[in-house]
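Okay, so here's the structure we're looking at.
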Amino acid sequence: MNSNNLGKKILSLVGGENNIVSITHCATRLRMRLSDTNLASKNKEEIEDLNGVISVVEKAGQFQVVIGPNVPTIYDELIDNTSLNKQEEDKNVSDNTNWFLKVMDVVAGIFTPLLPLLAGSGVFRGLVLLATQFKWLSTTSDTYYILTVASTAVFYFLPILLAITSAEKFKVDKYVAAAIMGSLIMPEFTNMMGSHGNGVIAHFFGIPIVLMTYTSTVIPAILAIWCLSYLEKYLRKWIPESLQLLFVPLISLFLMVPLTAGIFGPFGVYIGEGISNIINWLINSNGWIAGAFIGGIWNIFVIFGLQWAVNPVMINNISRLGFDYIVPLTAAANFGMAGATLGTFLRTHDKKMKAYSMSALLSILFAGITEPSIYGVGIRYKRPLIGAVVGGAIGGAFIGGLHVKAFAFVFGGLTTLPAFVGSTFIYYVIGLAICFIVGCIVTLIIGINEKEAEKKEVVKNISNGNIKTIDNETISQPIDGIVDDIATATDPAFSSGSMGEGMVIQPSDGNVYAPFDGNVTMLFKTGHAIGITSNKGTEIMIHIGIDTVKLNGNGFKSFVKQGDSVTKGQKLISFDLEAIKNKGYDLSTFVIITNTDNYKEVQLLDTNMHKHGENILSVNV
Numbered sequence: 001m002n003s004n005n006l007g008k009k010i011l012s013l014v015g016g017e018n019n020i021v022s023i024t025h026c027a028t029r030l031r032m033r034l035s036d037t038n039l040a041s042k043n044k045e046e047i048e049d050l051n052g053v054i055s056v057v058e059k060a061g062q063f064q065v066v067i068g069p070n071v072p073t074i075y076d077e078l079i080d081n082t083s084l085n086k087q088e089e090d091k092n093v094s095d096n097t098n099w100f101l102k103v104m105d106v107v108a109g110i111f112t113p114l115l116p117l118l119a120g121s122g123v124f125r126g127l128v129l130l131a132t133q134f135k136w137l138s139t140t141s142d143t144y145y146i147l148t149v150a151s152t153a154v155f156y157f158l159p160i161l162l163a164i165t166s167a168e169k170f171k172v173d174k175y176v177a178a179a180i181m182g183s184l185i186m187p188e189f190t191n192m193m194g195s196h197g198n199g200v201i202a203h204f205f206g207i208p209i210v211l212m213t214y215t216s217t218v219i220p221a222i223l224a225i226w227c228l229s230y231l232e233k234y235l236r237k238w239i240p241e242s243l244q245l246l247f248v249p250l251i252s253l254f255l256m257v258p259l260t261a262g263i264f265g266p267f268g269v270y271i272g273e274g275i276s277n278i279i280n281w282l283i284n285s286n287g288w289i290a291g292a293f294i295g296g297i298w299n300i301f302v303i304f305g306l307q308w309a310v311n312p313v314m315i316n317n318i319s320r321l322g323f324d325y326i327v328p329l330t331a332a333a334n335f336g337m338a339g340a341t342l343g344t345f346l347r348t349h350d351k352k353m354k355a356y357s358m359s360a361l362l363s364i365l366f367a368g369i370t371e372p373s374i375y376g377v378g379i380r381y382k383r384p385l386i387g388a389v390v391g392g393a394i395g396g397a398f399i400g401g402l403h404v405k406a407f408a409f410v411f412g413g414l415t416t417l418p419a420f421v422g423s424t425f426i427y428y429v430i431g432l433a434i435c436f437i438v439g440c441i442v443t444l445i446i447g448i449n450e451k452e453a454e455k456k457e458v459v460k461n462i463s464n465g466n467i468k469t470i471d472n473e474t475i476s477q478p479i480d481g482i483v484d485d486i487a488t489a490t491d492p493a494f495s496s497g498s499m500g501e502g503m504v505i506q507p508s509d510g511n512v513y514a515p516f517d518g519n520v521t522m523l524f525k526t527g528h529a530i531g532i533t534s535n536k537g538t539e540i541m542i543h544i545g546i547d548t549v550k551l552n553g554n555g556f557k558s559f560v561k562q563g564d565s566v567t568k569g570q571k572l573i574s575f576d577l578e579a580i581k582n583k584g585y586d587l588s589t590f591v592i593i594t595n596t597d598n599y600k601e602v603q604l605l606d607t608n609m610h611k612h613g614e615n616i617l618s619v620n621v
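No gaps in the numbering here: position 160 of the sequence shown is 160 in full-length UniProt numbering, and each next residue is one more.
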């Protein structure tokens, strides 16, 4: 995958950094909250067409761009030379997302930072167990104990780690949060229970408190820090700023430690144990049906982000019981998808799809990451998703029926096999083979309907009932002024060509005119930038000045609105050239071909001084 400049292209198509309220990423996708989702939604198909983008998903109040394992690089490209890494999520932005999706978003934000550590520790633990089973490592040796604590520390101290990530999500002091949960796993606290275990009654100023063991728990930390977020906001509102440094953490610790020990902690422990017991009872009652259901449905869960409702249960099981029945079933779904992806590789005649499907297959086998296959293969062709569901269901029934256990929370792939080492390991391997083979065979039998998918690729650019064709075109200059190559621009975001090829103009007049017949596809409310698509398919953005968005529309006037049809030479925008200059702004105006990748050549016909309406750029297919 060629990711050069992909981050900046995405940034441009979602409406620029000023339209992004917050941005983060998980293992496979960029997750953005936008001020105006319509700006990005209208460019959704164009974003999906970018080389390196698998799909675009809008859910949980987020605009998500699915990229795959290379997402950290693209994220860094996108935020480079912007202020996005300093932005917070608590800006005022309308969010009509239903409560369930909001909860899933919170859970995802809390657990995502810990997933690499959980996965790495899980495989590490599996390797230690494997070494002991092959008698390479004695369970009484010092080496064994050191490797054991290194591989299991994440689970013992999980409440503290979750307190930190919860604090980051709820925007509270993460050090206070860590201290609150750390206090409940200190030896002095656990020693109060003696040898009786959970349920011992202690007293705090005469108030009875039910003592619990909090090491390796999940829900208590999240509940406690959620409540801390309200307490901290209240304290910061009423305590003078000069005294907050001392009294906010002091009062937070004084109140939250006993409250967590007496209310949130026991409640969270009982809830977590209850959910785990119910799910484990279902699997023990009829593992064949439970395995078929989870193995078959899991990839659908991933599409809608619903896996975050189950991930905490799996982590809680591993922490509390030392094993889990659900993790192997998610691996079944992974290998069902892997088989369907191989089936697609064997059926497709498209060389680009062959290369893509092989890359997506390796992503599953070696990293346990399915999104590239789900979005790039399953959703695109539909039928491979059926093969993946059937393969995951049949293999999942086998794995569930034989009660295969996972001893760590990992993504199901070849590299994570050690996390399943135990008495049921051979059943796990056989089950994965069943998933893979069935998923592949079903996909080979039902096919991928490639012609229909190609047809959809042709017509998916339909806009307002008219098919957008791409053809050679000559573009006229939209504004009077001195023209130069885009590479000479002082703004690296434009000069690098990351947003497309084009030109830069030093304007001599404050009027912008349509460079061709077409439609207004984007218009910033500040009036400093406009996007137009020609009737021949050329998409351009005209951006007036550098940092002029900070003027909040002062000095700009728009004569069209988004969605309007325009004719060549029609006035689009006027701006007060001298007044803006006097405020210290650089009025370099950029004319960018935002769909440059659709053309073999974008040629600047001439430089120097030109009037609007003169032919200045040509694009050739």
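We put the beta carbon where it would ideally sit given N, CA and C, even for glycine.
- Task: Count the other CB atoms, across all protein chains shown, that sit within 10 Å of the CB of THR330; report buried if there are 16 or more and exposed otherwise.
- Result: Sequence index remark: in the sequence shown, residue 330 carries index 330 (1-based). It counts as buried.
- Query: Is the beta carbon of MET337 less than 8 Å from the beta carbon of ASP324?
  - Reply: Position 337 of the sequence shown, counted from the start, is the residue given in the question as residue 337. Position 324 of the sequence shown, counted from the start, is the residue given in the question as residue 324. The answer is no: Cβ separation not under 8 Å.
- Between which two residues does the beta strand (DSSP E) carrying LYS9 extend? Residue 9 sits at position 9 when you count from the first residue of the sequence shown. Not the beta strand (DSSP E): LYS9 falls in the alpha helix (DSSP H), residues 6-13.
- Mark LEU243 as exposed unless 16 or more other C-beta atoms lie within 10 angstroms of its C-beta, in which case mark it buried. Within the sequence shown, numbered from 1, the residue matching residue 243 stands at position 243. By the 10 Å Cβ count, LEU243 comes out exposed.
- Item | Exposed unless 16 or more other CB atoms sit within 10 angstroms - verdict on PRO187 | Residue 187 sits at position 187 when you count from the first residue of the sequence shown. So PRO187 counts as exposed.
- Measure the C-alpha to C-alpha separation of residue 663 and GLU168 and round it to an integer number of angstroms. Missing from the structure shown is residue 663; the chain here goes from 1 to 621 and no further.
- Task: List the DSSP bridge partners of PHE575.
- Result: Along the sequence shown, read from residue 1 onward, the residue named residue 575 stands at position 575. DSSP lists PHE556 as partners of PHE575.
- Determine the extent of the beta strand (DSSP E) in which residue 625 is found, giving its start and end residues. The question about residue 625 has no answer here: the residues shown for the chain are numbered 1 through 621.
- Sequence-distant residues of the same chain with beta carbon closer than 7 Å to ILE303, five excluded per side: Translated into positions along the sequence shown, residue 303 becomes position 303. ILE374.
- Message: Rounded to the nearest angstrom, what separates GLN477 and PHE63 at their Cα positions?
- Response: Translated into the one-based positions of the sequence shown, residue 477 becomes position 477. Translated into the one-based positions of the sequence shown, residue 63 becomes position 63. Near 34 Å, if we compare the C-alpha coordinates of PHE63 and GLN477.
- To the nearest angstrom, report how far apart LEU6 and GLY52 are at their CA atoms. Locating residue 6 in the sequence shown gives position 6, where the first residue counts as 1. Locating residue 52 in the sequence shown gives position 52, where the first residue counts as 1. Roughly 7 Å separates the two Cα atoms.
- Item | Start and end residues, alpha helix (DSSP H) containing VAL483 | Taking the sequence shown and counting its residues from 1, the one referred to as residue 483 is at position 483. Not the alpha helix (DSSP H): VAL483 falls in the beta strand (DSSP E), residues 481-485.
- Through-space distance from PRO515 to VAL619, alpha-carbon basis: As a working mapping, residue 619 is identified with position 619 in the sequence shown. As a working mapping, residue 515 is identified with position 515 in the sequence shown. If you take the alpha carbons of VAL619 and PRO515, they lie about 13 Å apart.
- Item | Own chain, CB closer than 7 Å to THR370, minus 5 neighbours either side, in chain order | Working through the sequence shown from its first residue, we reach residue 370 at position 370. Same-chain partners within the cutoff: ASN299, VAL302, ASN334, MET337, ILE364.
- Message: Spatial neighbours of GLY401 within its chain, please: C-beta separation below 7 Å, excluding the five flanking residues on both sides.
- Response: Here residue 401 refers to the residue found at position 401 when the sequence shown is read from its first residue. The answer, listed in chain order, is GLY287, TRP288, GLY291.
- Run through DSSP, which three-state label would PRO159 get? Numbered from 1 along the sequence shown, position 159 holds the residue referred to as residue 159. Three-state DSSP puts PRO159 in a helix.
- Item | Own chain, CB closer than 6 Å to ASP517, minus 5 neighbours either side, in chain order | Residue 517 sits at position 517 when you count from the first residue of the sequence shown. Answer for ASP517: ASN535, THR567, LYS568, listed in chain order.
- Task: Taking VAL57 and LEU30 to be in contact with their CB atoms under 8 Å, please state how far apart those CB atoms are, rounded to whole angstroms.
- Result: Position 57 of the sequence shown holds residue 57. Position 30 of the sequence shown holds residue 30. At roughly 10 Å, the Cβ-Cβ gap does not stay under 8 Å, so VAL57 and LEU30 are not in contact.
- Look up ASN511 in the DSSP assignment and say whether it is helix, strand or coil. Position 511 of the sequence shown holds residue 511. Correct three-state label for ASN511: strand.
- Any chance you could list the alpha helix (DSSP H) runs of at least 4 consecutive residues sitting entirely within the region 204-261, in chain order? 219-238, 241-259
- Can you give me the Cβ contacts of PHE155 inside the same chain, cut-off strictly under 7 Å, excluding the 5 residues immediately before and after it? Here residue 155 refers to the residue found at position 155 when the sequence shown is read from its first residue. Counting only Cβ-Cβ distances below 7 Å, and skipping sequence neighbours, we find SER216, ILE318, SER319.
- Query: What span of residues does the alpha helix (DSSP H) with ILE386 cover, start to end?
  - Reply: Taking the sequence shown and counting its residues from 1, the one referred to as residue 386 is at position 386. Where ILE386 is concerned, the enclosing alpha helix (DSSP H) stretches over 383-401.
- Within 10 angstroms of its Cβ, does VAL248 collect 16 or more other Cβ (buried), or is it exposed? The sequence position of residue 248 within the sequence shown is 248, counting from 1. Buried is the call here.
- Going by other Cβ atoms of all chains shown within 10 Å of its Cβ, with 16 needed for buried, is MET609 buried or exposed? Here residue 609 refers to the residue found at position 609 when the sequence shown is read from its first residue. Result: exposed.
- Message: Counting C-beta neighbours from all protein chains within 10 Å, is the total for ILE278 16 or more, i.e. buried, or is it exposed?
- Response: In the sequence shown, counting from the first residue as 1, residue 278 sits at position 278. Exposed: under 16 other Cβ atoms inside 10 Å.
- Item | DSSP state of MET503 mapped onto helix, strand, coil | Here residue 503 corresponds to residue number 503 of the sequence shown, with the count starting at 1. In this structure, MET503 counts as strand in the three-state DSSP scheme.
- Item | Min CB distance TYR356 to chain E below 8 Å | Here there is only one protein chain, and chain E is not present.
- Task: Might you give, ordered along the chain, the residues of its own chain that have their beta carbon closer than 6 Å to the beta carbon of SER83, omitting 5 neighbours on each side?
- Result: Here residue 83 refers to the residue found at position 83 when the sequence shown is read from its first residue. So the list is empty, once near-sequence residues are dropped.
- Message: Only counting the same chain, and skipping five residues up and downstream in sequence, which positions put a Cβ closer than 7 Å to that of LYS571?
- Response: Position 571 of the sequence shown, counting from 1, holds the residue named residue 571. Hits under 7 Å: ASN511, TYR513, PHE559.
- Message: If contact is defined by three or more beta carbon pairs under 8 Å, each pair taking one atom from either stretch, is the region 537-555 in contact with the region 581-594?
- Response: yes
- Query: Under a three-way DSSP split, which group does GLN133 fall into?
  - Reply: Here the question's residue 133 lines up with position 133 in the sequence shown. In this structure, GLN133 counts as helix in the three-state DSSP scheme.
- Roughly how many whole angstroms lie between the Cα atoms of LEU137 and LEU414? Here residue 137 refers to the residue found at position 137 of the sequence shown. Here residue 414 refers to the residue found at position 414 of the sequence shown. Straight-line Cα distance between these residues: approximately 23 Å.
- Task: Just mark PHE425 as buried or exposed, buried being the case when its beta carbon has 16 or more other beta carbons within 10 Å.
- Result: Within the sequence shown, residue 425 is the residue found at index 425, counting from 1. With 16 or more Cβ atoms within 10 Å of its Cβ, PHE425 is classed as buried.
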